[in-house]
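Protein chains in written order, with the numbering used here: chain A, 6 to 479; chain B, 686 to 951; chain C, 96 to 430.
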Amino acid sequence: MSSRGAPLTRRAVRWVDQRTASAPLLRKTLRYLFPDHWSFLLGEVALYAFMVLVATGIYLTFFFVDSTREVVFHGNYYPPLYGQRMSEAYASVVHLSLATRAGLLLRQTHHWAANVFIAAIVLHLFRIFFTGAYRKPRELTYWLGVTMLMLSLLEAYLGYSLVDDLMSGMGLVIGYSVGLSLPFVGQNLMNWLFDGMFPGSPKLWPRMYIAHVLIFPVLIGLLLGAHLLLVAMRHHTQFRRTKAQTERTIVGVPAFPGQAPRSLGLLAGTAGFLFLLGGLVQINPIWLWGPYHTYSSTNGAQPDWYLGWLIGALRLVPGWDFTIGSYTVVPNPFWGGAAFPLVVFGFLYFWPWLERRFSGDHAFHNLLDRPRDAPVRTAIGVAMVSWVFLVFMAGSADRVNVTFGIDYVSQIWVYRVIVWVLPVAFGFATWWICKELRASDLVVLDRHEAEAEARLARLRRGDEPPGDPGALAE
Amino acid sequence: MRAVLTLAVLAVAGLLATGPARAGSGTPKDPLAAYGYHLYGQYCLGCHGGNAAGRYDQPSSATGAGPGRAQGQQGGIGPSLHGVGAAAADFYLRTGYMPLRRIGLQPRREPVFLSNHEIDALVAYVASFGGPPIPTPRPGLGSLSQGQALFAEHCAGCHQIVGQGGYVTGALPPALVEATPRQVAEAVRIGPYVMPAFSRSSISDRQLDSIVRYVEFTKQPTRPGGWGLGFIGPVPEGLVTWFIAIPALLVLCLLLGRRFRREPGA
Amino acid sequence: MSRARNAIVSALVLLVGRRRRRRPKPEDTRLVPALPPNPAAELAVLALLGLSSLSALGFILVYAFGDSLPAETPLLGTALGLAFLFLAAALIVVGLKLVPTEEIAEEYPPHEHPGEQQVIAELVDESGSRFTRRRLFKLGLLGAGGTLGLALLTPAVSFGPLFHVGNFLRTPWRRGRRLVDENGRPYKASDIEKNDFYLAFPEGTNDEEKDQMAASLVVIRLPPDQLRLPPHLKGYDAHGILAYSRICTHAGCAITLYRAPLFQPDEPRPALVCPCHYSTFDPTTGGTVTFGPAGRDLPLLPLYVDSAGYLRAKGNFDGPVGPSWWGVRLWKAQP
Chain A
6 MSSRGAPLTR RAVRWVDQRT ASAPLLRKTL RYLFPDHWSF LLGEVALYAF MVLVATGIYL
66 TFFFVDSTRE VVFHGNYYPP LYGQRMSEAY ASVVHLSLAT RAGLLLRQTH HWAANVFIAA
126 IVLHLFRIFF TGAYRKPREL TYWLGVTMLM LSLLEAYLGY SLVDDLMSGM GLVIGYSVGL
186 SLPFVGQNLM NWLFDGMFPG SPKLWPRMYI AHVLIFPVLI GLLLGAHLLL VAMRHHTQFR
246 RTKAQTERTI VGVPAFPGQA PRSLGLLAGT AGFLFLLGGL VQINPIWLWG PYHTYSSTNG
306 AQPDWYLGWL IGALRLVPGW DFTIGSYTVV PNPFWGGAAF PLVVFGFLYF WPWLERRFSG
366 DHAFHNLLDR PRDAPVRTAI GVAMVSWVFL VFMAGSADRV NVTFGIDYVS QIWVYRVIVW
426 VLPVAFGFAT WWICKELRAS DLVVLDRHEA EAEARLARLR RGDEPPGDPG ALAE
Chain B
686 MRAVLTLAVL AVAGLLATGP ARAGSGTPKD PLAAYGYHLY GQYCLGCHGG NAAGRYDQPS
746 SATGAGPGRA QGQQGGIGPS LHGVGAAAAD FYLRTGYMPL RRIGLQPRRE PVFLSNHEID
806 ALVAYVASFG GPPIPTPRPG LGSLSQGQAL FAEHCAGCHQ IVGQGGYVTG ALPPALVEAT
866 PRQVAEAVRI GPYVMPAFSR SSISDRQLDS IVRYVEFTKQ PTRPGGWGLG FIGPVPEGLV
926 TWFIAIPALL VLCLLLGRRF RREPGA
Chain C
96 MSRARNAIVS ALVLLVGRRR RRRPKPEDTR LVPALPPNPA AELAVLALLG LSSLSALGFI
156 LVYAFGDSLP AETPLLGTAL GLAFLFLAAA LIVVGLKLVP TEEIAEEYPP HEHPGEQQVI
216 AELVDESGSR FTRRRLFKLG LLGAGGTLGL ALLTPAVSFG PLFHVGNFLR TPWRRGRRLV
276 DENGRPYKAS DIEKNDFYLA FPEGTNDEEK DQMAASLVVI RLPPDQLRLP PHLKGYDAHG
336 ILAYSRICTH AGCAITLYRA PLFQPDEPRP ALVCPCHYST FDPTTGGTVT FGPAGRDLPL
396 LPLYVDSAGY LRAKGNFDGP VGPSWWGVRL WKAQP
């Protein structure tokens, strides 16, 4: 028996290994190497936000009532709603927010966590895309990630729609309308899903609830587990910043002791920021919006930011229902609400295959590209991002009108043009910038090589003591 | 001599022809209204016409929403003020909607440059043509809950559920944070610009009290959750996510993901 | 007495004592490089952990005494948030200043394992050596699996009416139904004033039924000489009173915006507008779309005024209510 290591640690490890035979696996895991770049932490931020979501979410499930049965509000703690009819679901959330200690904190933290979760996924996706991390052999990992993004968007939408307040109720009927607009099958599908025409039957709410608290979280959790497992089995990619890092050799910081306190610190930091936000910045004050009825609506209703691209799309499409005779083959909401996200997600899913096909690059890649090293990919990526972003901006044109006085109708017409023109322009500009950056890189490379040669020449002549020949990359 | 007489006759005729004639009476007898009549000539005559009968004689260009401008620019036309009463005059003058700054566009709340006395005078003058008096809403008698429900049904579509203002094609329903109870009561009955006009049979006086009480509430909505972000929902929440939360987390990532450094002795 | 003294001594040792540095092992037998201690960092970490504990304690206290405190949620959030952030700071100091950050080089796992792949392929192949009718078996398995999967999915059809969609055309309106307000009070024609807009329901509907899309109306009055209704909608108004469906034909939001110009020559024309995507409907022409993404006119309910002056429906809407689906133009709404 080795005498190294503290006695308590030794005893604990021994106990675990005897019962689980996991010491070899634990050793491998503890010494797993993480690349030492900040952009690799974005996925972790998303993961930790997800943990906060699950933890706060479990708390919320103990208070939420998933019923659309009408009740009369008798809470003295909030006079503006006193005596009004509302669903039990809405009443339960009002009660949790205004009459339950720490209830509002946990509810707001949950909602902030959702916003941050998806923002972190998007940033993580940008890092993956613009560095080519999705290439062989990591396509599977990438597809799992894109699927998780899609599921997260749906999950978040379900989550804030469950509250049944005026704003989210409007959002729900819009979602229903997009479903309805699916050519030929939409009506049947929505009638089936909602158990009748909107607002559906009393079974709808429990359905949404179980989807939000069980089905989607389990799905996302499973995909997340598979995603992380694949990342570990194939090992992380890395930027080539030192000569030691190659396609064969990974240089990184081991999970233990180096990475562990950093990751744990990021977890604590993410949780800390989220709770701070949850306490200090009000989010979704549903008691102010009031209950939803199909015959009620308010100005200025918007979805959460991650669905803003859809409201922009829905507002931009001009008023056509595409008909053939009396058949309304494509009702209007389809274009903005279904076709647009289909194209974007289709692009995300098919991109690795498209790139392989058109670049002819079927090789394994463990090293990442700098965005400038793949000008076409970066340009197309920038074009897609700017397309989605411009549509997203169009969605808030009415508030821009209210705040800045720029006429809404004019904005819509301008956006209708620039959402097609600007992305192409940005794409070309990006491509050109990448090319220019690479050209200057080569100049720098040439200079380094020339200096190295000159130094070598001086050495041979005996004019200079031996020193470190100029390193290539730094 | 004859020239002077002719001139005098012409002058008198001219005065009689151009001066605003009021159904037989000319300058109002009440001194306040008389002062108002004088001010009317200064600020209002150009659009509202002689005797406050309105001017409809300018050709109007395109009205209604469409690409580009929401309104065509046009010359001074304005409705008759007969029967609008003190309520309307008080509303438009105290909000600064009138005198209209930009012809042909939606009136907006502007800094009021008329003094209180001048406004009182104009109100008296307009009131002399008949119409509803200045309302006296009593929000204390209203019910906050009924006010919320009424506001949601009649007002939230344009003004947003907590009165933060909004957009309707071709117009900008304003936020209500600066509207006094009296102005709210006046606007509800008048229906200025493209706002609907709610009469007593539609919204009773007591119901109006409730609405006014609710509007007062929306000036400082309940915000137990911290910074209110303007109470308009997800747009500012998204801004906080991307401009406060994400940068903070990015700073954390940058701090933690340091480049390799050579540890002393390593 | 001595037990108390022992307790005090133990506490002091815990707070102040340091582990005596063992004699460092020779470098080549160590797994993790040895670095000199960093007392400043250790102190910082301890301080941060202490602050974190205090914050967490603060959370518990605020929770306990929240009744007498204003701004309860911000205080709770600050306390808990700081508890986590101080912990994060402590961990960061540990990570950056106390534990060694090794930079280790290692081989990536191999691209593939041809040997194992071969073995697996052979395993599968050889196991099937007794099957002579392979293609048929594959088809059979596919068939069984496929149909079994289909069978397992079939009960999901019961979730809702997947095949019977006649409910989309049904409305609670029929000839003679009175229009009532939210409290059930019937509308008289004389109640409907110009420049105002009203919420109306069919008489006799309960609260749940009021939430059906086909139930709610937006009722307005326009001067009859302003109306330019198309031929198939002639007579749908009652002396200028119009009752439109309140549900936007684009995506189902309630139309609660009414543009009612006070001074027509200078202001936008009357319009019913939806706040979701600003679909704008012209009430004078039967609800035609003048701006926005709606692709279908707003359905109009025909009205008449009965002998007592009450507003009644003359029949059903001129088209189905609400957002469009593929067959929306094939059918008229049915009572």
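Ideal Cβ positions, reconstructed from N, Cα and C, are used throughout, including at glycine.
- For C/R229, DSSP records no beta bridge to any residue.
- Ranked by Cα distance from A/T299, the options A/T247, A/L47, A/G176 and A/G277 are led by A/G176.
- Taking all protein chains shown into account, B/Q727 has fewer than 16 neighbouring C-beta atoms within 10 Å of its C-beta and is therefore exposed.
- Leaving aside the five residues that flank B/E863 on each side, the residues in its chain whose CB is nearer than 7 Å to its CB run, in chain order, R794.
- If you compare the alpha carbons of C/P388, C/C371, C/A389 and C/D401 with that of A/S302, the shortest gap goes to C/C371.
- For the pair A/A125 and A/L233, the CB atoms are not nearer than the 8 Å cut-off.
- Around B/I931, the beta-carbon contacts reaching into chain A at under 8 Å are V121, A124, A125 and L128.
- Rounded to the nearest whole angstrom, the CA to CA distance from B/G842 to C/P394 is 20 Å.
- Inter-residue distance for A/R267 and C/A129 is about 19 Å (C-alpha atoms, whole angstroms).
- Looking from the CA of A/F369, the closest CA among C/E207, C/A174 and C/L171 belongs to C/E207.
- Within the segment 388-416 of chain A, no complete beta strand (DSSP E) segment of 3 residues or longer occurs.
- In this structure, A/L372 places its C-beta atom within 8 Å of the C-beta atom of A/Q243.
- At a beta-carbon threshold of 9 Å, none of the residues of chain C lie near B/F836; the nearest stands roughly 11 Å away.
- Secondary structure at A/T328: strand, using DSSP grouped into helix, strand and coil.
- By alpha-carbon distance to C/F179, the top candidate from C/L152, C/P165, C/I199 and C/P205 is C/L152.
- As DSSP reads the structure, C/S340 sits in a beta bridge with C/L312.
- Counting only the Cα atoms, C/V416 lies some 38 Å from B/G913.
- The residues G851, in chain order, have a CB closer than 6 Å to that of B/Q845 in the same chain once the five nearest residues on each side in sequence are set aside.
- By the 16-neighbour rule on beta-carbons within 10 angstroms, C/K233 is exposed.
- For a cut-off of 8 Å, the C-beta gap from B/P818 to B/A771 is around 5 Å, short enough to register as a contact.
- Residue state for A/I423 is assigned as helix, using DSSP reduced to three classes.
- According to DSSP, A/K141 shares a beta bridge with no other residue.
- Sorting B/Q791, B/P764 and B/R786 by C-alpha distance to the C-alpha of B/V797 places B/R786 at the top.
- For B/P919, the nearest CB of chain A lies under 8 Å from its own CB, placing it at the interface with that chain.
- Its chain contains F776, R779 and T780 as the residues whose beta carbon lies nearer than 8 Å to that of B/Q868, once the 5 sequence neighbours on both sides are disregarded; these appear in chain order.
- Measuring C-alpha to C-alpha distances from C/E277 to each of C/S253, C/N262, C/D306 and C/A174 identifies C/D306 as the nearest.
- Nearest CB-CB separation between C/R354 and chain A: not below the 8 Å threshold.
- For A/K33, the secondary structure class from DSSP, reduced to helix, strand or coil, is helix.
- In the assembly as shown, A/W425 is an exposed residue. Its beta-carbon has fewer than 16 other beta-carbons within 10 Å.
- Under DSSP, the beta-bridge partners assigned to C/A349 are C/I342.
- Between the segment 394-410 of chain C and the segment 335-351 of chain C there are three or more inter-stretch CB-CB distances shorter than 8 Å, so the stretches are counted as touching.
- A Cβ-Cβ distance of about 19 Å is found for the pair A/G270 and A/T114, leaving them out of contact under the 8 Å criterion.
- Restricting attention to beta strand (DSSP E) runs no shorter than 3 residues, the segment 213-271 of chain C encloses none.
- For C/V108, the uninterrupted alpha helix (DSSP H) run begins and ends at S97 to V111, by DSSP.
- Within 10 angstroms of the beta-carbon of C/Q321 lie fewer than 16 other beta-carbons, which makes it exposed.
- Using a 10 angstroms sphere on the CB of C/W426, the tally of other CB atoms stays under 16, which defines it as exposed.
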